[in-house]
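In the numbering used here, the protein residues as written are 14 to 246. Ideal placement from N, C-alpha and C gives every residue a C-beta, glycine not left out. Structure first, commentary second.
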């Protein structure tokens, strides 16, 4: 394991790789150029995310470690000149999680749980499983809800739909370590991470298709799982 990394590089089902940790800020010239246009707090967060991602690439695909990372038509990060590859980045508090696959789609999500969870949120994400989880001690219930949410969020990140994909409707039984949502296979990295961390992997969209592009929906708000539960791709 490299300095600053808490998890990985770890191979997950479907041919993806995941890391998580604090890491060092990226020194890549294009990353620095893009960060210069951001407010200071966002620039630091941005560079830490890019730094951890480049650590992952140096470990598993060194030929791509210096590739420019550019936004696609939805503003999501992509490796320039490698349309078949996919990357994903998630932030929670001071930690960053990153995922990479050489071919297909990938999403990763990291979430530090809150001290407790509301019954409303638990029912929204867990539906029929909510009563059993809410019967647990508050901290344990909040942690289990965070595990479920990371799997749901990883799936819609891999699909490219975000909240428009209605992640709370994805069936993720509490305590589970993996499953499928359509063509996407999700994995909860319970054996590797003390912080809820999940990854989803799926096939590349057909050539020329707009797969993963969300259809127009009303604006949706992200469920708040923790005071600092900020994640992005």
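For residue i, which beta-bridge partners are listed by DSSP?
i           : result
residue 215 : 118
residue 18  : 34
residue 198 : 193, 214
residue 151 : For residue 151, which the question treats as bridged, DSSP gives no partner whatsoever.
residue 83  : 91
residue 59  : Beta-bridge pairing links residue 59 to no other residue.
residue 109 : 34, 104
residue 25  : 29
Roughly how many angstroms separate the alpha carbons of residue i and residue j, rounded to a whole number?
i           : j           : result
residue 159 : residue 112 : 19 Å
residue 193 : residue 106 : 28 Å
residue 180 : residue 145 : 21 Å
residue 118 : residue 216 : 6 Å
residue 171 : residue 53  : 29 Å
residue 187 : residue 139 : 8 Å
residue 207 : residue 125 : 9 Å
residue 19  : residue 123 : 12 Å
residue 110 : residue 21  : 10 Å
residue 196 : residue 23  : 22 Å
residue 128 : residue 77  : 39 Å
residue 150 : residue 135 : 14 Å
residue 209 : residue 199 : 13 Å
residue 103 : residue 166 : 10 Å
residue 35  : residue 156 : 21 Å
residue 116 : residue 173 : 15 Å
residue 93  : residue 213 : 22 Å
residue 168 : residue 89  : 15 Å
residue 79  : residue 44  : 10 Å
residue 55  : residue 108 : 14 Å
residue 83  : residue 95  : 11 Å
Let me make sure I understand the geometry here. Which of the options has the alpha-carbon closest to that of residue i?
i           : options            : result
residue 163 : 204, 121, 175      : 121
residue 63  : 42, 140, 149       : 42
residue 204 : 191, 174, 198      : 191
residue 73  : 34, 30, 217, 40    : 30
residue 37  : 56, 129, 65, 211   : 65
residue 114 : 136, 108, 33, 91   : 91
residue 68  : 166, 82, 57, 39    : 39
residue 153 : 89, 83, 130        : 130
residue 189 : 178, 177, 211      : 211
residue 141 : 183, 168, 108, 169 : 183
Given a threshold of 16 other Cβ atoms within 10 Å of its Cβ, counted over all protein chains shown, does residue i qualify as buried or as exposed?
i           : result
residue 232 : Because residue 232 carries a pLDDT of 41, less than 50, the predicted location of this residue cannot be relied on, and the following value inherits that uncertainty. Classification of residue 232: exposed, given that the 10 Å Cβ count is below 16.
residue 59  : buried
residue 27  : buried
residue 175 : buried
residue 70  : buried
residue 178 : buried
residue 57  : exposed
residue 132 : exposed
residue 185 : buried
residue 33  : buried
residue 25  : buried
Exercise. Below 8 Å, can you find three or more Cβ-Cβ pairs linking the segment 90 to 100 to the segment 44 to 51?
Worked result: no
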